[in-house]
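Here the working numbering runs 12 ahead of the position in the sequence shown, where the first position is 1.
Glycine is no exception: its CB is placed at the ideal position from the N, C-alpha and C atoms.
Read through the structure below, which is laid out as C-alpha cells, and then see the notes.
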Amino acid sequence: MKIKVYAPISGVIKKISDLNDGVFSEKMLGDGFYIEPNSNEETTLFSIFDVGIVVQTFDTKHALFLKAKDGPIVLVHIGLDTVQLDGKPFKLFVQNHDNINLNSEIIQVDWKMIEKAKLNKAIPIVLDERENEGWKFLNIKTGKVKKGEEIAVLEFVQEIKKPTKLSIDEAIKDGFSFKEKYAEISEKIYQAVGTNTNYNKYYNCITRLRFDIKDKTKIQQEELSKIKGVKGINWNGDELQLIFGGEVTKVREAYDQLIAKGVKTQKGFDLKNHGPNTKGMPFFSRLLAMFKGIVLPCLPVFIGIVLIVALKAILEITGAIRVVLPSSNFAKYTLFEVFLFNLTTSSLFITLFISYTATIYFGGNKMYGLIVGMILCGPLLFRGVPNPNGANPWTFVLWSTKSFVDPESPLPVVWLKMGGLNASLINGIFIGYIASKASRFFTKIVPVSLSMIALPPLIVVSTVASMFFVVGPIIGMLETFLGQLVGLLIKIPYGIDRLIFGTLWPMLVITGAHASLAMIIQMPWVLNPGNIYIHVDIMTCIFCSALGQLGMGIGLLIKTKNNQLKQNIYGALPASIFGISEPMMYGVNIPSGKAFFLACCSTGIGSMVIGLTGNGHFWPQGGNGILSILNVLGPNGDTKSLLSCMLGWAVTLGCGMTLALLFCNSRVKEKAGISKIDRKIISILKHDQNVDLSNIKENMKALELIFSKANNKQIIELEKLYEKYEKLRTKIEALEAKENKLKIKLANKFNEQRTMKTKEELQMLFDKINKIDFSNKIEQVQAKKDVIDLRIAETKHLYQKLVHDSQELQKPIIQELIKLSKHNELAKLENNYFNAIHSLDISVKLETKKNDFLTNKQIRAIVKPQQRMEK
Numbered sequence: 013m014k015i016k017v018y019a020p021i022s023g024v025i026k027k028i029s030d031l032n033d034g035v036f037s038e039k040m041l042g043d044g045f046y047i048e049p050n051s052n053e054e055t056t057l058f059s060i061f062d063v064g065i066v067v068q069t070f071d072t073k074h075a076l077f078l079k080a081k082d083g084p085i086v087l088v089h090i091g092l093d094t095v096q097l098d099g100k101p102f103k104l105f106v107q108n109h110d111n112i113n114l115n116s117e118i119i120q121v122d123w124k125m126i127e128k129a130k131l132n133k134a135i136p137i138v139l140d141e142r143e144n145e146g147w148k149f150l151n152i153k154t155g156k157v158k159k160g161e162e163i164a165v166l167e168f169v170q171e172i173k174k175p176t177k178l179s180i181d182e183a184i185k186d187g188f189s190f191k192e193k194y195a196e197i198s199e200k201i202y203q204a205v206g207t208n209t210n211y212n213k214y215y216n217c218i219t220r221l222r223f224d225i226k227d228k229t230k231i232q233q234e235e236l237s238k239i240k241g242v243k244g245i246n247w248n249g250d251e252l253q254l255i256f257g258g259e260v261t262k263v264r265e266a267y268d269q270l271i272a273k274g275v276k277t278q279k280g281f282d283l284k285n286h287g288p289n290t291k292g293m294p295f296f297s298r299l300l301a302m303f304k305g306i307v308l309p310c311l312p313v314f315i316g317i318v319l320i321v322a323l324k325a326i327l328e329i330t331g332a333i334r335v336v337l338p339s340s341n342f343a344k345y346t347l348f349e350v351f352l353f354n355l356t357t358s359s360l361f362i363t364l365f366i367s368y369t370a371t372i373y374f375g376g377n378k379m380y381g382l383i384v385g386m387i388l389c390g391p392l393l394f395r396g397v398p399n400p401n402g403a404n405p406w407t408f409v410l411w412s413t414k415s416f417v418d419p420e421s422p423l424p425v426v427w428l429k430m431g432g433l434n435a436s437l438i439n440g441i442f443i444g445y446i447a448s449k450a451s452r453f454f455t456k457i458v459p460v461s462l463s464m465i466a467l468p469p470l471i472v473v474s475t476v477a478s479m480f481f482v483v484g485p486i487i488g489m490l491e492t493f494l495g496q497l498v499g500l501l502i503k504i505p506y507g508i509d510r511l512i513f514g515t516l517w518p519m520l521v522i523t524g525a526h527a528s529l530a531m532i533i534q535m536p537w538v539l540n541p542g543n544i545y546i547h548v549d550i551m552t553c554i555f556c557s558a559l560g561q562l563g564m565g566i567g568l569l570i571k572t573k574n575n576q577l578k579q580n581i582y583g584a585l586p587a588s589i590f591g592i593s594e595p596m597m598y599g600v601n602i603p604s605g606k607a608f609f610l611a612c613c614s615t616g617i618g619s620m621v622i623g624l625t626g627n628g629h630f631w632p633q634g635g636n637g638i639l640s641i642l643n644v645l646g647p648n649g650d651t652k653s654l655l656s657c658m659l660g661w662a663v664t665l666g667c668g669m670t671l672a673l674l675f676c677n678s679r680v681k682e683k684a685g686i687s688k689i690d691r692k693i694i695s696i697l698k699h700d701q702n703v704d705l706s707n708i709k710e711n712m713k714a715l716e717l718i719f720s721k722a723n724n725k726q727i728i729e730l731e732k733l734y735e736k737y738e739k740l741r742t743k744i745e746a747l748e749a750k751e752n753k754l755k756i757k758l759a760n761k762f763n764e765q766r767t768m769k770t771k772e773e774l775q776m777l778f779d780k781i782n783k784i785d786f787s788n789k790i791e792q793v794q795a796k797k798d799v800i801d802l803r804i805a806e807t808k809h810l811y812q813k814l815v816h817d818s819q820e821l822q823k824p825i826i827q828e829l830i831k832l833s834k835h836n837e838l839a840k841l842e843n844n845y846f847n848a849i850h851s852l853d854i855s856v857k858l859e860t861k862k863n864d865f866l867t868n869k870q871i872r873a874i875v876k877p878q879q880r881m882e883k
C-alpha cells in the first residue's frame with residue numbers, strides 16, 4: 013500500500029540528518045525530511061495528504077499530527093524551538109478531527125517573527141516508525157519543490173501480524189486466543205535474542221532487561237529496536253541491555269512466564285530465579301535492594317491479611333461474631349466464625365511467604381524455599397499459638413533466666429530455644445539464602461546420575477537443620493535481647509519512655525523482636541485475663557507506629573512523581589488505618605531509605621506527647637488501629653484518655669507528613685548533588701597547604717553555574733512533562749489491560765461452551781467478544797501522549813546539552829584531583845558526578861544509577877593513610 017505525500021509549501025527539501033539539531037537529526041521523533049521555505053512571502057502551509065484528518069494540534073500551534081486516510085500519522089513541525097514563542101507567529105485554520113485535502117489551508121506563519129527570535133525556519137516532516145509499524149518514507153525528493161508537488165511516498169513495507177477478527181465458524185473450530193501486551197513483547201524478545209540457547213542468563217535492573225549473550229551475531233538488533241516499548245539498546249561487553257524504563261519489571265515478569273511455560277533452560281541455571289545485580293553497591297543500598305526484591309512481592313498478601321484481620325476485629329467489637337481463640341472448642345462456634353478465624357491465622361505464616369520470595373531473590377529453586385518455610389512454620393512446631401513464656405511442648409528450651417525488665421514476674425525469659433520460626437521476616441530471608449546456597453553446593457558435588465534422588469533431601473534437610481538448630485535460635489536470642497533492652501529503656505519517666513518505645517518499636521517489628529517485648533508489656537493482662545480494668549499505658553504507642561508510617565506515606569504520596577510508589581501507598585493505606593504498619597513499612601518507607609527512620613522519629617514524638625499529658629491509658633478491650641479508640645476509652649469511657657491519645661496520634665500523623673515533605677526528596681537536585689561532591693573534593697585536598705586549588709575551584713564554579721535558575725526551570729518543566737507522559741502511558745496500559753481482560757474472560761467462556769452449544773447459541777457470546785473495542789479511547793489518550801512526547805523531545809534537547817557540558821567539565825576536576833592527591837582510586841568520583849548530573853534521568857528510569865560510586869567512608873579509607881604519613 014502506498015500513500016503520496018505533497019509539499020505543504022514551496023522550498024528546498026533536505027535530509028533530516030542534515031538538520032543537525034540534536035532532536036530531529038537524531039531521529040528521536042522519527043524518520044523523514046525537512047523543508048526550508050523559499051521566502052517569507054509564502055506564509056500558508058497546506059495539507060501534505062490528498063485525503064486525511066487532523067489528529068492533534070498544540071496550544072502553542074507550532075506543530076500538528078496529520079493522518080492519511082488508511083495510513084499512518086505524520087508529524088509536521090514548523091520551525092525549531094518555536095514552542096517557546098507560545099503560538100504568536102501562527103494562525104491555525106483547522107481543529108482536531110477536521111478532514112483535510114490538498115486544498116486545505118492548515119496554518120499561517122509569520123516567518124519574520126521567527127527570524128527576529130533567531131530561530132530556524134526549517135519544517136521537519138517525520139514518521140515515528142515504532143508507533144506506525146510497517147510504514148516507511150520512500151522516494152523522498154531533495155532540492156527545490158513547489159507547493160502541492162509530490163515529494164515522497166509512504167509505503168507499507170513490512171507485513172505486520174495483526175489480530176484479525178475470526179468468523180463464528182473459525183471460532184467454534186479453533187477457539188479464541190488473546191495475548192497480553194507484555195506476553196507479545198516477551199515472545200518477540202525471545203526470538204530476537206536467538207532464543208534461550210544464545211544466552212547464559214538474564215536479569216533486570218530498574219530500567220533495563222539484561223542478557224549475558226553467547227553469540228552476538230545471532231542477535232536481531234533491528235527487530236529488537238522495533239519492539240514497542242524498547243526505548244534503546246546498549247551493549248556492555250557481551251551483555252545486551254534493552255532499555256524499557258519503568259515497564260521493565262512487567263516485561264521481566266512476562267518473560268519469566270514465557271520461560272515457565274516450557275521453554276527449556278540451560279543446565280545448572282534457573283532463568284526465572286535471579287535477583288538484581290547488586291555487585292559494587294554500598295551495603296545499605298544492597299540492603300534496600302534486598303528488601304525491595306523480597307518483601308514487595310509479598311505486599312498483596314500482607315495487605316489482604318490485614319484487611320481480613322480488620323474485618324474480624326470490627327465484627328467482634330460490634331458483637332456480630334464471637335471471639336475464637338486457638339484453644340477454643342471449634343464445635344461450639346458457627347462455621348463462619350471458625351472460617352474467619354482460620355483466615356486470620358495466615359499472619360502466623362509470614363516466614364513462609366518471605367522464604368518463598370527470598371529463595372527467588374537469591375537465585376535458588378523457589379520450591380525448596382516453599383517446602384522449608386512450610387516445615388519451619390508447621391503448626392506442630394508451635395501449635396498455632398505463641399506461648400507467654402516462649403516455650404511449649406514443641407519448643408526445646410536451651411537457656412532461660414528471670415526477666416531483667418520485671419524480676420518479680422513468675423514467667424522466665426527464654427533466651428535460647430529451638431522451635432517453630434513462624435511470623436519472622438529475618439528467618440524467612442535466611443531460609444531463602446541458605447536454601448539457595450545449599451542448592452548450588454550440592455548440585456556441584458552430587459553426581460548427575462544421583463541428582464534426582466539425592467539433591468532434594470540433601471537441600472531440604474541441610475536448610476531445615478541449619479535454621480532449626482543454629483540460625484533460628486541465634487536470631488531468637490537477638491530478638492529476646494532487643495526486647496529486654498527496650499523493656500528496660502521504657503521505664504524512664506517524663507514521657508521519655510514513650511519516646512524511646514515509639515521510636516524503636518517499628519525497628520523491632522522488622523527484626524521480629526516486637527513479639528517478645530509485647531509479651532512482657534502485656535503480662536498484667538496475661539496474669540489477669542478476666543480483669544478488664546487493668547490498663548497498660550505504653551500500648552497507646554502501638555497505633556502511633558502505624559500512624560508514623562502512614563503520615564510518611566501520605567507525605568510521599570503528595571511529593572512523589574513515581575506512579576508505582578503511589579500505587580504501593582494507596583494499597584497500604586487501609587492496613588495502616590487499622591494499625592498494621594508492615595505494608596507501608598516494607599512496601600513504601602523502607603525502600604525509600606531515610607523515610608522509614610523519619611517515620612520512626614515521628615512515632616517517637618507522638619508517643620512522647622501522649623506520655624507528657626499523663627492521661628493516656630490503654631485497656632484490653634478494643635481492637636487495632638482506629639479501633640484502638642475503644643481501648644483508650646476503657647470500660648468507664650475515659651474521655652481524658654481519649655483526648656490525650658488522639659492528640660498524640662494527630663501529632664504523629666502530622667509529623668510524619670511534615671518530615672516527608674521537608675526531607676524526602678524524590679530525587680537530589682543536580683546543583684545540590686554536584687555541590688556536595690565538590691565539598692568532598694575540597695575537603696580531601698585542603699589538608700595540604702602547598703596545593704594550588706585555583707584551577708579546580710574555577711572548574712567547579714563553572715560546573716555549578718551550568719545549573720542556573722533558568723536552566724533549572726527547564727529541568728523542572730521536563731520533569732513535569734515526564735510525569736504527564738507516565739500518567740498517559742499508564743492510562744493506555746490500563747485500557748489495553750482492561751480490554752484484554754474482558755476479551756479473555758468471554759473467550760474462555762466461549763471456548764468452554766463451543767463444543768456443547770449450537771452455533772446460534774454461541775452467536776450472542778461471539779458478538780459480545782467482537783464488540784469489545786477500546787481502540788478509540790486508546791487513540792485519544794495516545795494523541796495526548798504524542799503531544800507530550802514531542803514537548804519532551806524539544807525540552808530534552810537543552811537538557812541533554814546541559815548534561816553533556818556538565819560531564820565534560822567534571823573530567824578536568826577529577827583529573828586535577830588525582831594529580832594533586834596522588835590517589836588513582838578517586839577516579840570513581842566520576843560515578844558520583846554521573847549520578848548527580850543524571851539525577852532526572854535516573855529518577856524517571858531512563859538511566860541506571862551507577863552503584864560503584866565512592867561513599868564518605870571509602871574516601872576516608874583512601875585518603876587518611878597518606879594524611880597520617882605526611883603528619
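- Query: In its own chain, which residues sit with a C-beta less than 6 Å from the C-beta of A672, not counting the 5 before and 5 after it?
  - Reply: M564, G567, L568
- Query: Shortest alpha-carbon distance to V856 belongs to which of I830, I804, N843?
  - Reply: I804
- Spatial distance of G583 from I638 (CA atoms): 17 Å
- Taking buried to mean at least 16 other C-beta atoms within 10 Å of its own C-beta, is Q561 buried or exposed? By the Cβ neighbour-count rule, Q561 is buried, with 16 or more other Cβ atoms within 10 Å of its own.
- Starting from T56, trace the alpha helix (DSSP H) both ways and give me its first and last residue. First-last for T56: 56-58, but that is the beta strand (DSSP E), not the alpha helix (DSSP H).
- Does the separation of the CB atoms of G444 and G488 fall below 8 Å? no
- Message: Quick check: the region 602-609 against the region 645-656, are at least 3 beta-carbon pairs closer than 8 Å?
- Response: As far as the Cβ criterion goes, the region 645-656 does not touch the region 602-609, which means the pair count is below three.
- Item | Span of the alpha helix (DSSP H) around E234 | 233-238
- Task: Please name the residue in D43, Q203, L433 whose C-alpha comes closest to that of G886.
- Result: A query on residue 886 cannot be resolved here, the shown segment of the chain reaching from 13 to 883 and no further.
- Query: If we call anything under 8 Å between Cβ atoms a contact, is I60 one with V86?
  - Reply: yes
- Message: Check whether the region 845-854 and the region 761-773 are in contact - that is, three or more C-beta pairs closer than 8 Å.
- Response: With a cut-off of 8 Å, the region 761-773 and the region 845-854 do not count as touching, because too few Cβ pairs lie within range.
- Query: Going along the chain, which residues of its own chain have a beta-carbon closer than 6 Å to the beta-carbon of A795, five neighbours each way excluded?
  - Reply: V67, Q68, listed in sequence order.
- Message: Check for me: the alpha helix (DSSP H) holding T69 runs from which residue to which?
- Response: Counting along the chain, T69 falls outside any alpha helix (DSSP H), though it belongs to the beta strand (DSSP E) covering 63-69.
- Task: Grab me the residues of I387's own chain with a C-beta within less than 7 Å of its C-beta, minus the 5 sequence neighbours each way, in chain order.
- Result: V476
- From G623 to K243, what distance separates their C-alpha atoms? 55 Å
- Query: To which residues of the same chain is I504 closer than 8 Å at the C-beta, ignoring the five residues directly before and after it?
  - Reply: I512
- Query: Do N113 and V63 have their CB atoms nearer than 8 Å?
  - Reply: yes
- Message: Helix, strand or coil, according to DSSP, for K823 in the structure here?
- Response: Three-state DSSP puts K823 in a helix.
- Message: Measuring straight from C-alpha to C-alpha, what distance separates K124 and N724?
- Response: 30 Å
- Task: State whether the region 349-366 contacts the region 324-338, with contact taken as three or more CB pairs (one from each stretch) at a distance under 8 Å.
- Result: yes
- Message: I believe G660 touches C556 by the beta-carbon criterion, under 8 Å. Please report the beta-carbon distance rounded to the nearest angstrom.
- Response: Confirmed, about 6 Å.
- Task: Determine which residues share a DSSP beta bridge with G44 and list them.
- Result: V138
- With 16 other Cβ atoms within 10 Å as the buried cut-off, status of K893: Residue 893 is absent from the structure shown; the chain starts at 13 and stops at 883.
- Query: For the candidate residues L802, P518, I744, A714, whose alpha-carbon lies nearest to that of L733?
  - Reply: Closest option to L733, Cα to Cα, is L802.
- Might you give, ordered along the chain, the residues of its own chain that have their beta carbon closer than 6 Å to the beta carbon of K861, omitting 5 neighbours on each side? N847, I854
- Would you be able to state if there are at least three C-beta pairs under 8 Å between the region 707-727 and the region 673-685? yes
- Just mark P49 as buried or exposed, buried being the case when its beta carbon has 16 or more other beta carbons within 10 Å. Using a 10 angstroms sphere on the CB of P49, the tally of other CB atoms reaches 16 or more, which defines it as buried.
- Given a cut-off of 8 Å, decide if D93 and L10 are closer than it, judged by their beta-carbon atoms. For the chain, the structure presents residues 13 to 883; residue 10 sits outside this window and is missing.
- Quick one: is F188 buried, meaning 16 or more other Cβ sit within 10 Å of its Cβ, or exposed? buried
- Any beta strand (DSSP E) of 3 or more consecutive residues that is wholly inside the region 404-455: 408-413, 425-430
- Message: Between L270 and chain B, is any beta-carbon pair separated by less than 8 Å?
- Response: The structure shown contains no chain B, having only a single protein chain.
- Spell out a yes or no on whether the region 467-487 and the region 428-437 are touching, meaning 3 or more CB-CB pairs, one atom from each, closer than 8 Å. yes
- Item | Member of N210, I201, L838, Q232 whose CA lies at the smallest distance from the CA of H220 | Residue identity check: residue 220 is Arg in the sequence provided, not His. Shortest Cα-Cα distance from R220 to any of N210, I201, L838, Q232 involves I201.
- Query: Should V425 go down as buried or exposed, given a rule of 16 or more other Cβ atoms within 10 Å for buried?
  - Reply: buried
- Item | For K16, the first and last residue of its enclosing beta strand (DSSP E) | 14-18
- Got a sec, what are the start and stop residues for the alpha helix (DSSP H) G244 sits in? It is not in any alpha helix (DSSP H) - G244 instead sits in the beta strand (DSSP E) that spans 244-248.
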